[in-house]
Amino acid sequence: MSATTVKQTHPIRGVLWGLMFGIGLAVVLVVTTVIKLDLVTVIVVVVIGMVLGVLWGLFGPAKAPKGEPPADRTSPPEASRFDDRPAPDMPQVVEAPGVDPPAPTDDTDD
Amino acid sequence: MRYGRWVAASAALAAGGLLFGGPAAAQDQDLDELREQVPEGEPGELDLDEADLIYQAMVEAYGRVAQTSDFGDGSALTGPCGGWAFSYDQDGALIDAAFDAGDEGPPIDVIDGGQAFTSSNPFEVDTRGVVAYYGSAPQSGDGPRNHTWEVVTGGISIDSGGDPNEDGNNRNAGLVDLDEDLPVKFTAKVEVEGTMQSENLAACEGQGHVKFTGNGLTDPVGLAALALLGGGFFGILFNARPAMTWKE
Numbered sequence: 001m002s003a004t005t006v007k008q009t010h011p012i013r014g015v016l017w018g019l020m021f022g023i024g025l026a027v028v029l030v031v032t033t034v035i036k037l038d039l040v041t042v043i044v045v046v047v048i049g050m051v052l053g054v055l056w057g058l059f060g061p062a063k064a065p066k067g068e069p070p071a072d073r074t075s076p077p078e079a080s081r082f083d084d085r086p087a088p089d090m091p092q093v094v095e096a097p098g099v100d101p102p103a104p105t106d107d108t109d110d
Numbered sequence: 111m112r113y114g115r116w117v118a119a120s121a122a123l124a125a126g127g128l129l130f131g132g133p134a135a136a137q138d139q140d141l142d143e144l145r146e147q148v149p150e151g152e153p154g155e156l157d158l159d160e161a162d163l164i165y166q167a168m169v170e171a172y173g174r175v176a177q178t179s180d181f182g183d184g185s186a187l188t189g190p191c192g193g194w195a196f197s198y199d200q201d202g203a204l205i206d207a208a209f210d211a212g213d214e215g216p217p218i219d220v221i222d223g224g225q226a227f228t229s230s231n232p233f234e235v236d237t238r239g240v241v242a243y244y245g246s247a248p249q250s251g252d253g254p255r256n257h258t259w260e261v262v263t264g265g266i267s268i269d270s271g272g273d274p275n276e277d278g279n280n281r282n283a284g285l286v287d288l289d290e291d292l293p294v295k296f297t298a299k300v301e302v303e304g305t306m307q308s309e310n311l312a313a314c315e316g317q318g319h320v321k322f323t324g325n326g327l328t329d330p331v332g333l334a335a336l337a338l339l340g341g342g343f344f345g346i347l348f349n350a351r352p353a354m355t356w357k358e
């Protein structure tokens, strides 16, 4: 089955970042006396910031997907140095012919 | 709460203090006489008699200033209230001065002769400076007994109080040290409304615009706002942006 891409939107993140943006914008406009310090005006500016955040979170240009498509990840991974294999300087177990290997013991107490 | 605090709070909060009526288009000659009453440097704590003399001289000069019928543009006061307010910066230099004779007209800007406390000509105060004020209600006779007052800005009550005023005090003068009273410096233009009601006088009701002058965006409030604005902008841009994801 081939992998497809879907668009994931972030309206909640947009609201939260928009709240921060809106508060900052409102205070900057007040401090520069573009608007007067008025509760209604300040709330309107903050709401505008939140709406901008939501709109961007919903309809902004989407980022490209990260990584390879899932289909390409089905091939076996390359061997790494952490794979099980004896170290070169470890003694090698050589099985004698006609001798069964010892059965594994259960060391657990339970 | 004493009557004097109403006057002090009104002046300090930049709107209530001088929401008194007056003319707008003043003749230069008469205006000069009006301006002469305003101390050029910070006057310090004026006593009541001294402030009263300044007021009387201003009322006298004001009587020869052309009257105006302009009562709008965001500043007004009704009721038996009058007074003056002089604003000085941190170096003691005069920034703004406003005066009202206690009539039903709007307040007058002593510097330019126009209507004071309007949205286009707000009363300017330095958040590191001082405001000297004098107020009377009424100019002669008993002051407001058993009164209550409230100062409102942006629909929010920022100070209120009242006092029996058993002595019948009708005037007060003082100096508001904004540098001391405002620990956080900022710049903003606000519209303030003030009311005072008593059992023996008509209500004083007024509104006006005041501009608090600080260092703008370099004040702590401005820097914090810039940090929020930048953080929010980049948060929206990079963290709230939609993303494509793989789906089998």
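For the protein sequence lines, the chains are A and L, in the order given. Counting along the first sequence from 1, when you hit position 43 you're at 43 in the numbering used here, and nothing is skipped either side. Counting along the second sequence from 1, when you hit position 247 you're at 357 in the numbering used here, and nothing is skipped either side. Each residue gets a CB set at the ideal place from its N, CA and C atoms; glycine is no exception. Please read these numbers as outputs of a predicted model, since none were measured by experiment.
Hey, quick one: how far does the alpha helix (DSSP H) through residue i stretch, first residue to last?
{"i": "Leu333 (chain L)", "result": "Pro330 to Phe344"}
{"i": "Arg13 (chain A)", "result": "Pro11 to Val31"}
{"i": "Ile164 (chain L)", "result": "Leu158 to Tyr172"}
{"i": "Leu365 (chain L)", "result": "Absent from the structure is residue 365 (chain L), since the part of chain L shown begins at 111 and ends at 358."}
Given that a residue counts as buried once 16 or more other Cβ atoms are within 10 Å of its Cβ, and exposed if not, what is residue i?
{"i": "Glu146 (chain L)", "result": "exposed"}
{"i": "Ser250 (chain L)", "result": "exposed"}
{"i": "Lys321 (chain L)", "result": "buried"}
{"i": "Asp277 (chain L)", "result": "exposed"}
{"i": "Asp219 (chain L)", "result": "buried"}
{"i": "Leu144 (chain L)", "result": "buried"}
{"i": "Asp269 (chain L)", "result": "buried"}
{"i": "Phe348 (chain L)", "result": "exposed"}
{"i": "Leu370 (chain L)", "result": "For residue 370 (chain L) there is no data in the structure shown, the boundaries of chain L being 111 and 358."}
{"i": "Ala242 (chain L)", "result": "buried"}
{"i": "Ile164 (chain L)", "result": "buried"}
{"i": "Leu39 (chain A)", "result": "exposed"}
{"i": "Glu214 (chain L)", "result": "exposed"}
{"i": "Gln8 (chain A)", "result": "exposed"}
{"i": "Gly265 (chain L)", "result": "exposed"}
{"i": "Gly132 (chain L)", "result": "Because Gly132 (chain L) carries a pLDDT of 38, less than 50, the predicted location of this residue cannot be relied on, and the following value inherits that uncertainty. The residue is buried, with at least 16 neighbouring Cβ atoms inside 10 Å."}
{"i": "Thr4 (chain A)", "result": "exposed"}
{"i": "Ala208 (chain L)", "result": "buried"}
{"i": "Val294 (chain L)", "result": "exposed"}
{"i": "Ala203 (chain L)", "result": "exposed"}
{"i": "Pro274 (chain L)", "result": "exposed"}
Could you give the C-beta distance for residue i and residue j, rounded to a whole number, given that I count them as a contact under 8 Å?
{"i": "Val31 (chain A)", "j": "Ala350 (chain L)", "result": "Not confirmed; about 26 Å, so no contact."}
{"i": "Pro216 (chain L)", "j": "Ala186 (chain L)", "result": "6 Å"}
{"i": "Val54 (chain A)", "j": "Gly14 (chain A)", "result": "4 Å"}
{"i": "Leu311 (chain L)", "j": "Pro248 (chain L)", "result": "7 Å"}
{"i": "Thr323 (chain L)", "j": "Asp236 (chain L)", "result": "5 Å"}
{"i": "Phe233 (chain L)", "j": "Asp206 (chain L)", "result": "6 Å"}
{"i": "Ser308 (chain L)", "j": "Asn256 (chain L)", "result": "6 Å"}
Of the choices the options, whose alpha-carbon is the least far from that of residue i?
{"i": "Gly223 (chain L)", "options": "L:Met168, L:Ala312, L:Ile346 and L:Ile164", "result": "L:Met168"}
{"i": "Leu58 (chain A)", "options": "L:Val261, L:Ile346 and L:Asp206", "result": "L:Ile346"}
{"i": "Pro190 (chain L)", "options": "L:Phe196, L:Ser197 and L:Gly253", "result": "L:Gly253"}
{"i": "Arg238 (chain L)", "options": "L:Leu141, L:Gly340, L:Leu285 and L:Asp201", "result": "L:Asp201"}
{"i": "Ala226 (chain L)", "options": "L:Val241, L:Asp210 and L:Val240", "result": "L:Asp210"}
{"i": "Glu301 (chain L)", "options": "A:Ala64, A:Thr4, A:Leu25 and A:Ile35", "result": "A:Ile35"}
{"i": "Gly60 (chain A)", "options": "A:Asp38, A:Pro11, A:Leu39 and A:Leu19", "result": "A:Pro11"}
{"i": "Pro149 (chain L)", "options": "L:Ala195, L:Asn231 and L:Asp159", "result": "L:Ala195"}
{"i": "Met20 (chain A)", "options": "L:Gly340, L:Trp356, L:Glu358 and L:Leu204", "result": "L:Gly340"}
{"i": "Ala171 (chain L)", "options": "L:Asp142, L:Glu160, L:Gln317 and L:Gly326", "result": "L:Asp142"}
{"i": "Leu292 (chain L)", "options": "L:Asp206, L:Gly318 and L:Pro330", "result": "L:Pro330"}
{"i": "Leu25 (chain A)", "options": "L:Gly342, L:Gly272 and L:Gly193", "result": "L:Gly342"}
{"i": "Leu158 (chain L)", "options": "L:Ile266, L:Ser308, L:Pro232 and L:Leu285", "result": "L:Leu285"}
{"i": "Glu303 (chain L)", "options": "L:Val294, L:Cys314 and L:Glu309", "result": "L:Cys314"}
{"i": "Ser246 (chain L)", "options": "L:Asn256, L:Trp356 and L:Ala161", "result": "L:Ala161"}
{"i": "Gly49 (chain A)", "options": "L:Pro352, L:Glu358 and L:Phe344", "result": "L:Phe344"}
{"i": "Ser229 (chain L)", "options": "L:Ser267, L:Gln317, L:Thr188 and L:Asn325", "result": "L:Gln317"}
{"i": "Asp260 (chain L)", "options": "L:Gly151, L:Thr305 and L:Phe296", "result": "According to the sequence shown, residue 260 (chain L) is Glu rather than Asp. Selected option, being the one with the closest Cα: L:Thr305."}
{"i": "Val28 (chain A)", "options": "A:Val45, A:Val51 and A:Lys66", "result": "A:Val45"}
{"i": "Glu155 (chain L)", "options": "L:Ala283, L:Leu288 and L:His319", "result": "L:Ala283"}
Say yes only if the C-beta of residue i is nearer than 7 Å to one or more non-hydrogen atoms of the ligand ADP, and no if none qualify.
{"i": "Cys314 (chain L)", "result": "As for the ligand ADP, it is missing from this structure, which has no ligand bound."}
Taking 8 Å as the threshold (beta carbon to beta carbon), is residue i in contact with chain A?
{"i": "Ile346 (chain L)", "result": "yes"}
{"i": "Phe233 (chain L)", "result": "no"}
{"i": "Thr305 (chain L)", "result": "no"}
{"i": "Thr297 (chain L)", "result": "yes"}
{"i": "Arg351 (chain L)", "result": "yes"}
{"i": "Thr355 (chain L)", "result": "yes"}
{"i": "Ala186 (chain L)", "result": "no"}
{"i": "Ala335 (chain L)", "result": "yes"}
{"i": "Val331 (chain L)", "result": "yes"}
{"i": "Glu301 (chain L)", "result": "yes"}
{"i": "Ile221 (chain L)", "result": "no"}
For residue i, would you say it is in contact with chain L, using Cβ-to-Cβ distances shorter than 8 Å as the test?
{"i": "Ile156 (chain A)", "result": "Lying outside 1 to 110, the shown extent of chain A, residue 156 (chain A) is not represented and no answer is given."}
{"i": "Val27 (chain A)", "result": "yes"}
{"i": "Val31 (chain A)", "result": "yes"}
{"i": "Val51 (chain A)", "result": "no"}
{"i": "Ile48 (chain A)", "result": "no"}
Please report the residue range of the beta strand (DSSP E) in which residue i lies.
{"i": "Val44 (chain A)", "result": "Looking at the DSSP string, Val44 (chain A) is not in any beta strand (DSSP E); the run it does join, the alpha helix (DSSP H), is Leu39 to Phe59."}
{"i": "Gln8 (chain A)", "result": "Thr4 to Gln8"}
{"i": "Leu311 (chain L)", "result": "Careful: Leu311 (chain L) lies outside any beta strand (DSSP E) and carries neither H nor E."}
{"i": "Val302 (chain L)", "result": "Ala298 to Gln307"}
{"i": "Lys63 (chain A)", "result": "Per DSSP, Lys63 (chain A) belongs to no beta strand (DSSP E) and is neither H nor E."}
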